[in-house]
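Numbering (this note's numbering), first residue to last: 103 to 613. For every residue, glycine included, the Cβ atom is placed at its ideal position computed from N, Cα and C. Quick caveat: nothing in here was measured; it's all calculated off a predicted structure. Shown next, in structure tokens, is the structure this report addresses.
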Amino acid sequence: MPSAIGSDEWDLPRLKASIGFEDDFQYLASDDQDTEFFDVKFYPYADATHDPVFAAVSKKHVVIYRLSNKVNPPYELVQLFRDDDKDALNCSCTWTKDPETEVPYLCVAGRDAKIKVYDVVHGKLVKVLVGHGGEINDLATCPTNFLLIASASEDTTVRIWSLDPAHSKQPCVCLLAGEGHSSGLLTVAFHNSGRYVLSAGHDNVICLWTLPDLPPKSNSKNPAQPIVIHYPHFFTSEVHSGIVDCVAFFGDLVLSRACHEDIIVLWRIEGFSSHDPPLEISEAPTTSDTERLTRSAFAPATASACPPQYTRLLEFWTPNCGHQFYLRFKLFHDKDKHPVLAFGNAKAMIFFWDLARLGSYHDFISEVRNPARDKSQPIHRPGWLVPSQHKHRVDAVSKLKDAASDRESVVSGRTGSVDAETHLDLNTNYSPETIEAWELKYDMTRVDEPIRAHSQSNITVKDFVGRQVAWSAGGDWCVVVGSKNLAIILQRWHKKDRADDKDKKSTSQDR
Numbered sequence: 103m104p105s106a107i108g109s110d111e112w113d114l115p116r117l118k119a120s121i122g123f124e125d126d127f128q129y130l131a132s133d134d135q136d137t138e139f140f141d142v143k144f145y146p147y148a149d150a151t152h153d154p155v156f157a158a159v160s161k162k163h164v165v166i167y168r169l170s171n172k173v174n175p176p177y178e179l180v181q182l183f184r185d186d187d188k189d190a191l192n193c194s195c196t197w198t199k200d201p202e203t204e205v206p207y208l209c210v211a212g213r214d215a216k217i218k219v220y221d222v223v224h225g226k227l228v229k230v231l232v233g234h235g236g237e238i239n240d241l242a243t244c245p246t247n248f249l250l251i252a253s254a255s256e257d258t259t260v261r262i263w264s265l266d267p268a269h270s271k272q273p274c275v276c277l278l279a280g281e282g283h284s285s286g287l288l289t290v291a292f293h294n295s296g297r298y299v300l301s302a303g304h305d306n307v308i309c310l311w312t313l314p315d316l317p318p319k320s321n322s323k324n325p326a327q328p329i330v331i332h333y334p335h336f337f338t339s340e341v342h343s344g345i346v347d348c349v350a351f352f353g354d355l356v357l358s359r360a361c362h363e364d365i366i367v368l369w370r371i372e373g374f375s376s377h378d379p380p381l382e383i384s385e386a387p388t389t390s391d392t393e394r395l396t397r398s399a400f401a402p403a404t405a406s407a408c409p410p411q412y413t414r415l416l417e418f419w420t421p422n423c424g425h426q427f428y429l430r431f432k433l434f435h436d437k438d439k440h441p442v443l444a445f446g447n448a449k450a451m452i453f454f455w456d457l458a459r460l461g462s463y464h465d466f467i468s469e470v471r472n473p474a475r476d477k478s479q480p481i482h483r484p485g486w487l488v489p490s491q492h493k494h495r496v497d498a499v500s501k502l503k504d505a506a507s508d509r510e511s512v513v514s515g516r517t518g519s520v521d522a523e524t525h526l527d528l529n530t531n532y533s534p535e536t537i538e539a540w541e542l543k544y545d546m547t548r549v550d551e552p553i554r555a556h557s558q559s560n561i562t563v564k565d566f567v568g569r570q571v572a573w574s575a576g577g578d579w580c581v582v583v584g585s586k587n588l589a590i591i592l593q594r595w596h597k598k599d600r601a602d603d604k605d606k607k608s609t610s611q612d613r
């Protein structure tokens, strides 16, 4: 029998504040009046007891903010940079730190094909990495080695850079190029193991690359040349039919989205396991069969048998994205907390999905429908699983109370405790509208129906376009940046923490 479920762990972020940044108009050419922030990242290396810090990047500016519940509004500007390079129009960033002093560094890149490394504390440019032949559209830091940076470029390549002083003479240590992509790249992501990289872009293709061991550290006058990987170990143009602008690993699974599709897809590369020994470079499939839309070294196709090389698992509905691309989702994934997917669309809406709810819903429905269960025993319905309310005539005060309750429990993701119920029959106890609404949000078996958001925040700024999402290390803060030079700050669990503090003070006083 399912046990009672506490409400706090299921909470989803709610709107807390917004920040309007400095306008870029005065620093742009007269024919370029499109000012917005394209990327945002939280600093991932701070002590868990410190207030979280995030960086946001626009075409000409980098801003660093600290978030805190101790101030109102809950943010403080820490640092601001302006890129005076006339060719610079930046769009991506990623964090690292000095290998010796551990001073926070922020890498920033964009149209001028340079990666500029800033010392955030002292506010100065410390290094510039040059090598790409086109605009850099995305940056990522290796999760197992903060000195390794991946960059995805319009020149169709991914470069792996080392900030280790031992590689100072040749910082580009690996080049993922050749037969992977035929058009410019928009997104790059590391696997948690640091051994695998995903890339995607304008050619609708998603590639998985296996990184080799890095060149040996050398202090000689002739440093080792970058290792060039010509073929990815997995290649597909079948998952999406449009420009792919965001990819990420979820464990060994893959999340991706494409322009015009209004969905985020969760899928599996058949045969791929990060627990297996990495494949050799020579094991990557070549382009000998140019008609094949998917090529995989993990489940290779043969003449006698052709097993599936990937499997679509789930789709998440992201309406109102239209023709926009460069819209990025972000997954909060911590082994001790629920995985939560967040995304901002092109119509001032921010969506959240708690992926743990999918399994919890499955368990609840399975228990209710179990013909062998003891029907005299109660089953605990999760607090976020709210029955649809029948429409009936009520007085104005009750109507306002119901509306407020709905906003708290459903739209915002805030949940309350639910009493145990004895269920005789699912269809008897709940209306068809309730069952349909639940299935649209939580049923993993309806593969033809994208899963609706579990929580939605509506932004009052008309037509705000959410370009990028970031989560703090603890998952309690979420920031969405985009058009109008705007950042949206969302938070969860804060009220519970304050209530706990009050209880502790009250208990202390009683004693």
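Continuous alpha helix (DSSP H) stretch holding residue i: start and end
| i | result |
| --- | --- |
| Thr536 | Pro534 to Tyr544 |
| Asp221 | Taken as a continuous stretch (DSSP letters only), Asp221 belongs to no alpha helix (DSSP H), being part of the beta strand (DSSP E) at Lys216 to Asp221. |
| Ser468 | Leu457 to Arg471 |
Among the options, nearest to residue i - alpha-carbon criterion
| i | options | result |
| --- | --- | --- |
| Lys199 | Asn247, Leu433 and Thr289 | Asn247 |
| Asp187 | Val349, Thr562, Val230 and His332 | Val230 |
| Ala211 | Ser384, Lys226, Ala350 and Cys193 | Cys193 |
| Gly353 | Ile251, Lys543, Leu457 and Thr389 | Leu457 |
| Tyr298 | Leu169, Ser376, His425 and Thr388 | Ser376 |
| Arg116 | Val583, Asp578 and Lys586 | Asp578 |
| Ser490 | Thr562, Asn531 and Gln479 | Asn531 |
| Tyr147 | Phe431, Leu249 and His269 | Leu249 |
| Ala386 | His435, Ala350 and Tyr333 | Tyr333 |
| Leu433 | Gly461, Asp565 and Trp573 | Trp573 |
| Ile537 | Pro154, Asn306, Ile467 and Asp364 | Ile467 |
| Gly303 | Asp257, Trp486 and His335 | Asp257 |
| Val232 | Ile251, Asp436, Gln479 and Val346 | Ile251 |
| Ala150 | Ser585, Val583 and Ala575 | Ala575 |
| Thr243 | Trp197, Leu429, Asp347 and Tyr145 | Trp197 |
| Val567 | Phe453, Ile481 and Ser358 | Phe453 |
| Asn422 | Ala450, Lys437, Gln411 and Phe400 | Ala450 |
| Gln593 | Lys586, Asn306, Cys580 and Ser585 | Cys580 |
| Gln181 | Pro175, Asn587, Val159 and Leu278 | Val159 |
| Asn239 | Pro206, Lys586 and Leu429 | Leu429 |
Residue i classed as buried or exposed, judged by whether at least 16 other C-beta atoms fall within 10 angstroms
| i | result |
| --- | --- |
| Gln570 | buried |
| Glu393 | exposed |
| Ser253 | buried |
| Tyr220 | buried |
| Ser398 | buried |
| Lys216 | buried |
| Pro273 | buried |
| Thr396 | buried |
| Ala589 | buried |
| Asp521 | No answer about Asp521 holds up, because its pLDDT of 48 lies below 50 and its placement is not dependable. |
| Glu237 | buried |
| Asp136 | Bear in mind that a pLDDT of 49 at Asp136, under 50, signals an unreliable position, so the model cannot answer this. |
| Glu204 | exposed |
| Glu202 | exposed |
| Gly225 | exposed |
| Glu535 | exposed |
| Thr312 | buried |
| Leu586 | The sequence given here has Lys at residue 586, not Leu. It counts as buried. |
| Ala405 | With a pLDDT of 45 at Ala405, under the threshold of 50, the modelled position of this residue cannot be trusted; read the value that follows with caution. Classification for Ala405: exposed. |
Element boundaries [beta strand (DSSP E), containing residue i]
| i | result |
| --- | --- |
| Arg414 | Tyr412 to Trp419 |
| Gly122 | Arg116 to Gly122 |
| Phe434 | Lys432 to Phe434 |
| Phe566 | No beta strand (DSSP E) contains Phe566, which DSSP labels as neither H nor E. |
| Leu351 | According to the sequence displayed, residue 351 carries Phe and not Leu. Segment Val346 to Phe352, the beta strand (DSSP E) holding Phe351. |
| Gln181 | Tyr177 to Arg184 |
| Leu429 | Per DSSP, Leu429 belongs to no beta strand (DSSP E) and is neither H nor E. |
| Leu141 | The question names Leu, but residue 141 in the sequence shown is Asp. Element bounds for Asp141: Phe139 to Phe144. |
| Ile383 | It is not in any beta strand (DSSP E) - Ile383 carries neither H nor E in the DSSP assignment. |
| Tyr207 | Pro206 to Gly212 |
| Tyr147 | Per DSSP, Tyr147 belongs to no beta strand (DSSP E) and is neither H nor E. |
| Lys199 | Asn192 to Lys199 |
| Asn560 | Ser557 to Asn560 |
| Gln272 | Gln272 -> no beta strand (DSSP E), and no H or E assigned at all. |
Cβ-heavy atom distance, residue i to the ligand FMN, below 7 Å
| i | result |
| --- | --- |
| Gln411 | The ligand FMN is not among the ligands present in this structure, which contains no ligands whatsoever. |
Any 3 or more C-beta pairs closer than 8 Å across the stretch 369-380 and the stretch 413-427 = yes
For the stretch 437-445 and the stretch 470-482, state whether three or more C-beta atom pairs, one from each stretch, are separated by less than 8 Å.
-> no
Contained beta strand (DSSP E) runs [length at least 3] in the stretch 231-269, N- to C-terminal order = Complete beta strand (DSSP E) runs here, min 3: 238-243, 250-255 and 260-264.
Inspect the CB distances between the stretch 110-120 and the stretch 532-544 and report whether three or more fall short of 8 Å.
-> no
Which full runs of the beta strand (DSSP E) of 3+ residues lie inside the stretch 307-338, going along the chain?
-> 308-312, 329-331 and 336-338
Any chance the stretch 160-176 sits against the stretch 252-272, with 3 or more Cβ pairs inside 8 Å?
-> no
So does the stretch 322-332 actually touch the stretch 278-287, counting three or more Cβ pairs closer than 8 Å?
-> yes
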